[in-house]
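Just so you know, we're using my numbering here: the sequence shown kicks off at 1 and counts up by one. Ideal Cβ placement from N, Cα and C applies to all residues, glycine included. The structure appears right after this line, and notes come after that.
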Amino acid sequence: MNASSQKTYDVVIVGAGPAGSVLGYMLAGKGIDVLIIEKQKLPRYKACGGGLTAKAIEILPFDISGVIEAYTYSAEICINDSPVFYKTLPCPAISMVMRDRFDHFLAEKAVAQGASLMDGTAFNSLSGIPGNLVIETTKGTFNTRLLVGADGVNSRISELLGLRIRRKTMIALEGEVYFKTIDALNSFRQKICFDFGVIPKGYGWIFPKADHLSVGVLTTLKKAGHLKQHFYSYLKTKRLYSNTETRYLKGHRIPYNPDKKNIYANEKGLVVGDATGFTDPVTGEGIYYAIKEALIASDIIHKAVQADITHLNEYTADLNKEFFKEMTCAARFANVLYNCPALSHKILEAHGTKLGEYHLDIISGRQTYGELYKKLFNLPGFFSMLKKTFFSLPNRSIK
Ligand SMILES: Cc1cc2nc3c(=O)[nH]c(=O)nc-3n(C[C@H](O)[C@H](O)[C@H](O)COP(=O)(O)OP(=O)(O)OC[C@H]3O[C@@H](n4cnc5c(N)ncnc54)[C@H](O)[C@@H]3O)c2cc1C
Numbered sequence: 001m002n003a004s005s006q007k008t009y010d011v012v013i014v015g016a017g018p019a020g021s022v023l024g025y026m027l028a029g030k031g032i033d034v035l036i037i038e039k040q041k042l043p044r045y046k047a048c049g050g051g052l053t054a055k056a057i058e059i060l061p062f063d064i065s066g067v068i069e070a071y072t073y074s075a076e077i078c079i080n081d082s083p084v085f086y087k088t089l090p091c092p093a094i095s096m097v098m099r100d101r102f103d104h105f106l107a108e109k110a111v112a113q114g115a116s117l118m119d120g121t122a123f124n125s126l127s128g129i130p131g132n133l134v135i136e137t138t139k140g141t142f143n144t145r146l147l148v149g150a151d152g153v154n155s156r157i158s159e160l161l162g163l164r165i166r167r168k169t170m171i172a173l174e175g176e177v178y179f180k181t182i183d184a185l186n187s188f189r190q191k192i193c194f195d196f197g198v199i200p201k202g203y204g205w206i207f208p209k210a211d212h213l214s215v216g217v218l219t220t221l222k223k224a225g226h227l228k229q230h231f232y233s234y235l236k237t238k239r240l241y242s243n244t245e246t247r248y249l250k251g252h253r254i255p256y257n258p259d260k261k262n263i264y265a266n267e268k269g270l271v272v273g274d275a276t277g278f279t280d281p282v283t284g285e286g287i288y289y290a291i292k293e294a295l296i297a298s299d300i301i302h303k304a305v306q307a308d309i310t311h312l313n314e315y316t317a318d319l320n321k322e323f324f325k326e327m328t329c330a331a332r333f334a335n336v337l338y339n340c341p342a343l344s345h346k347i348l349e350a351h352g353t354k355l356g357e358y359h360l361d362i363i364s365g366r367q368t369y370g371e372l373y374k375k376l377f378n379l380p381g382f383f384s385m386l387k388k389t390f391f392s393l394p395n396r397s398i399k
């Protein structure tokens, strides 16, 4: 875990979250001399549901079953605590990790592949010229040909590289909820819950872990006042208030809806993960995007290191090609869901079964938001859905 000062690397990555560590793993595997610096000592706690979708697990370049805490097979969607969708699947809907163990495991994988890692080391400043950059950290100065910002939603590296990144942010508050008696956890095992109507312009979730629940609320409101109040009233609604203890209650921003004109790379380096702003605007899922971007970036960095740093410019177009259209469709769904709750809740009450199934298909990677958009908004289909929404009884008795 040590690296001597003044050493020259091909690539320095700032941040050992999923984006930084997967990129470090991929680059080291291609024979690139890479250093990852992480300001916190690993393993470190990170406020996160720790829900890994099947599509995220599928693209990871190695097996992670050793750090999966729990598998969930059932999914429930509620509006104002009434179920509008419930389904049990033959294979896991979402696999659960705790981010301290998961992220540490990813960083160790990168090191085993040949990357250098310095945790407990914060990035301080950047100087030098393209192709010969100087990175100052709290534990020494390094030279590098390229710099990567995997430093999360509040990325400083993107600014220092001179990139242009505009995106919105939602805010989430999450706690690790422990029952006073472990048996009480049993009725929550293997089931993920998504609750609408518990917080304005957002939702609440309950994700079961090995010995507790990760419970959170998020909102797309710009000024998220009273977040703690919403969190505790959500616990009360789900009958999780008096019989539990909440630890690590922490808020954090999640980026979404990045601008089409963003520039994610230049001749000095690039950004990956939350630093780019791509996450699912409906759910806030970000780990899949962090991994996928690391995979895309690793090929481009490889070319840049081998041949010519101008290859880095391809990265912006590649990210937009991979995500932009799909995220624009997802943003339309998120817009109706969060900004028109009277309409969206009515639609969910009337069509919860179908929409819940569609969403599970999207989570697992069997369907895209783009395909769903086409399916729902072909004209006759759309009008028939509206008719059914406003002239049918809600299907609340699903469970
Ligand atoms: C409450 C909440 C719940 C969520 N739940 C889910 C979920 O269930 N599933 C899902 O897929 N996504 C979820 N997300 C989103 C997910 O957490 C992020 O998308 C993901 O962590 C992005 O990974 P990353 O590697 O880009 O950044 P991060 O995981 O944020 O890692 C960035 C790292 O950079 C380090 N760093 C920052 N600055 C410096 C510096 N100057 N020097 C050195 N190191 C630095 C930080 O310490 C950190 O370790 C959730 C987010 C929140 C807030």
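List the whole-angstrom C-beta distance separating residue i from residue j, where the pair is believed to meet the contact cut-off of C-beta under 8 Å.
| i | j | result |
| --- | --- | --- |
| V282 | A334 | 5 Å |
| L241 | L235 | The sequence given here places Tyr at residue 241; Leu does not occur at that position. About 4 Å separates the two Cβ atoms, so the contact holds. |
| F196 | K260 | Actually they are not in contact, since the Cβ atoms of F196 and K260 sit about 29 Å apart, beyond 8 Å. |
| I32 | H311 | Not really, about 13 Å apart at Cβ, beyond 8 Å. |
| I36 | A115 | 6 Å |
| P43 | D103 | 7 Å |
| A107 | A275 | About 17 Å; that fails the 8 Å criterion. |
| I135 | V97 | Not confirmed; about 30 Å, so no contact. |
I want to see whether chain B comes within less than 8 Å of residue i, judged by CB atoms only; does it?
| i | result |
| --- | --- |
| K375 | Within the model displayed, chain B is absent; a lone protein chain is all it includes. |
When you compare only the Cα positions, how much space is there between residue i and residue j?
| i | j | result |
| --- | --- | --- |
| S400 | I57 | In the structure as shown, the chain begins at 1 and stops at 399. Residue 400 is therefore absent and cannot be evaluated. |
| R366 | D63 | 21 Å |
| K7 | L126 | 15 Å |
| T181 | I79 | 28 Å |
| A19 | K292 | 8 Å |
| L230 | V198 | For clarity, residue 230 is His in the given sequence; the question names Leu instead. Each residue's alpha carbon lies about 7 Å from the other. |
| T368 | D280 | 11 Å |
| Y315 | Y264 | 7 Å |
| A304 | N257 | 28 Å |
| I77 | V34 | 43 Å |
| A342 | Y203 | 14 Å |
| M1 | L133 | At M1, the pLDDT of 42 sits below 50, so the modelled position is not reliable and the matter cannot be decided from this model. |
| A110 | S158 | 23 Å |
| T144 | T137 | 13 Å |
| Y289 | N320 | 12 Å |
| I398 | Y358 | Note that I398 scores a pLDDT of 37, beneath 50, so its modelled location is shaky; the value from the coordinates is reported in the next line. Going from the Cα of I398 to the Cα of Y358 covers about 16 Å. |
| L393 | D361 | In this prediction, L393 has a pLDDT of 46, which is less than 50 and means its spatial position is unreliable; what the coordinates show is noted afterwards. One C-alpha to the other measures close to 25 Å. |
| A70 | L147 | 36 Å |
| T220 | T169 | 7 Å |
| L372 | Q40 | 41 Å |
| G225 | K30 | 47 Å |
| E245 | I171 | 23 Å |
| V12 | Y25 | 13 Å |
| P90 | G175 | 29 Å |
| N262 | V153 | 15 Å |
| S400 | A307 | Lying outside 1 to 399, the shown extent of the chain, residue 400 is not represented and no answer is given. |
| K354 | F377 | 15 Å |
| S95 | K55 | 11 Å |
| M327 | L348 | 21 Å |
Beta-carbon within less than 8 Å of residue i's beta-carbon, same chain only, minus the 5 sequence neighbours each way: which residues are those?
| i | result |
| --- | --- |
| D183 | none |
| C329 | T368, Y369, G370, L372, Y373 |
| A122 | I37, K39, T137, T138 |
Compare the C-alpha of residue i against each of the options and name the closest.
| i | options | result |
| --- | --- | --- |
| F142 | T310, V14, H359 | V14 |
| I287 | Y9, P90, A47 | A47 |
| G140 | Y315, K168, D119 | D119 |
| I192 | D211, N186, F207 | F207 |
| K228 | K238, V217, L221 | V217 |
| I254 | H212, G284, P92, Y373 | G284 |
| G17 | Q190, L117, M327, K201 | L117 |
| R164 | V336, S344, L270, E245 | L270 |
| R189 | E174, S214, G175, L173 | S214 |
Counting only the same chain and skipping the five closest in sequence on each side, list residues whose C-beta sits under 6 Å from that of residue i.
| i | result |
| --- | --- |
| A294 | A19, V22, L23, V272 |
| E267 | P130, I309 |
| R99 | K46, C48, G50 |
| I363 | T53 |
| K201 | T219, T220, L221, Y338 |
| D10 | I32, D33, R145, V305 |
Which residues in the same chain as residue i place their Cβ atom closer than 7 Å to its Cβ, once the five residues preceding and following it in sequence are excluded?
| i | result |
| --- | --- |
| N243 | F179, K180, A184 |
| T88 | Y73, S74 |
| A28 | V34, A110, Q113, G114, A115 |
| S344 | V336, L337 |
| A210 | E69, A70 |
On the DSSP bridge assignment, give the partners of residue i in chain order.
| i | result |
| --- | --- |
| T121 | DSSP output for T121 lists no bridge partner at all. |
| Y9 | T144 |
| C78 | P83, D195 |
| H252 | A172 |
| N132 | I129 |
| M96 | G51, A70 |
| P281 | Partner(s): none; P281 has no beta bridge. |
| G202 | T219 |
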